[in-house]
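Remarks on the structure that follows.
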Amino acid sequence: MPLDVRQFACLTDNYGFLVRDLASGRTAVVDTPDAKAVLDALDAAGWGLDLILNTHWHPDHAGGNAAVQAATGARIIGPEEVRRIAPLDEVVSDGDWVALGETRFRVIGCGGHTLGHVAYHAPEANLAFVGDTLFAMGCGRLFEGEPAQMWTSLQRLAALPDETRLYCAHEYTAANARFALSLDRDPAVSARAETIFEARRRGEATVPTTVALERATNPFLRAPLLAPDAAGPVEAFAQVRAAKDAFKG
Ligand code: ZN
Ligand code: FE
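Each residue of the sequence shown is one higher than the one before, counting from 1 in the working numbering.
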């Protein structure tokens with residue numbers, strides 16, 4: 001059954017996502033970057049809230065849990081690590097399924113940005129909420145994990161069907177594109193960067209992206225091609241990640 005996704009910008013560069021299972025009218029929010037922004041988006045849509053799905057524990061993802069739950073009565077589901085800062089009613093981990101009406105989300109463990117980070121993939125709706133693991137032309141910083149863990153996590157997301165829409169939690173794409181152009185001369189990368197710069201000049205979101213687009217243009221997925229002298233794919237990824245961390249573009 002179809003899902004209705006309402007994406008809204010909040011905080012400095014976060015995106016929040018309301019997702020409604022149209023068959024049942026059951027509605028979730030993916031992360032709670034800003035409680036007021038979540039509640040305003042619900043009001044604008046005229047929807048109640050049944051579920052909060054957290055991707056990881058960072059305050060710009062779980063910081064609004066308590067206030068959103070108090071206002072809506074929604075049940076909160078997420079990885080155990082969320083309990084470091086916010087309430088959680090049910091813990092999920094890799095391989096679990098979460099039901100939203102008739103829609104089922106598979107939990108994909110994708111640690112690296114934080115150790116317990118998860119993504120939520122709805123195979124029938126062809127979309128996934130990927131938090132701060134994979135960004136359009138980018139990936140999350142390694143605050144807690146090692147390169148090997150993040151590389152594996154990115155590979156798991158990149159292995160989803162080509163047409164899968166990926167909802168990333170930040171609008172970092174123009175900066176990511178500038179970095180990509182600094183080390184990748186592939187025509188698909190240049191063309192996409194131009195499209196992104198134009199979209200941002202018009203104030204348009206560059207999220208969601210797709211698996212096919214990321215496989216073709218994301219410098220972290222392309223790391224083995226961009227760092228051919230590295231000992232292997234994990235080392236190549238680590239080199240590209242370190243270059244991004246140092247990039248002043
Ligand atoms: Zn984060
Ligand atoms: Fe974040």
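We treat Cβ as the ideally placed atom computed from N, Cα and C, and that holds for glycine.
For Thr209, the nearest candidate out of Val240, Arg104, Glu90 and Leu157 (CA to CA): Leu157
Using the Cβ count rule (16 or more neighbours within 10 Å means buried), how would you classify Ala248? First, the residue type needs correcting, since residue 248 is Lys and not Ala in the sequence shown. It counts as exposed.
Cβ of Val29 within 9 Å of Cβ of Gly46? no
Output the distance between the C-alpha atoms of Glu198 and Ala122, rounded to the nearest integer angstrom. 30 Å
Around the C-beta of Thr217, are 16 or more other C-beta atoms found within 10 angstroms, so that it is buried, or is it exposed? By the C-beta density criterion, Thr217 is buried, having at least 16 other C-beta atoms within 10 angstroms.
Assuming contact is defined by CB atoms lying nearer than 9 Å, are His58 and Thr32 in contact in what I supplied? no
Span of the alpha helix (DSSP H) around Trp151: Here the alpha helix (DSSP H) through Trp151 covers Pro147 to Ala158.
Taking Cβ positions, are Leu88 and Leu51 nearer each other than 9 Å? no
Three-state secondary structure (DSSP) of His58: coil
Relative to the ligand FE, what is the chain-ordered list of residues with a Cβ closer than 6 Å to any of its non-hydrogen atoms? His58, Asp60, His61, Asp132, Ala169 and His170
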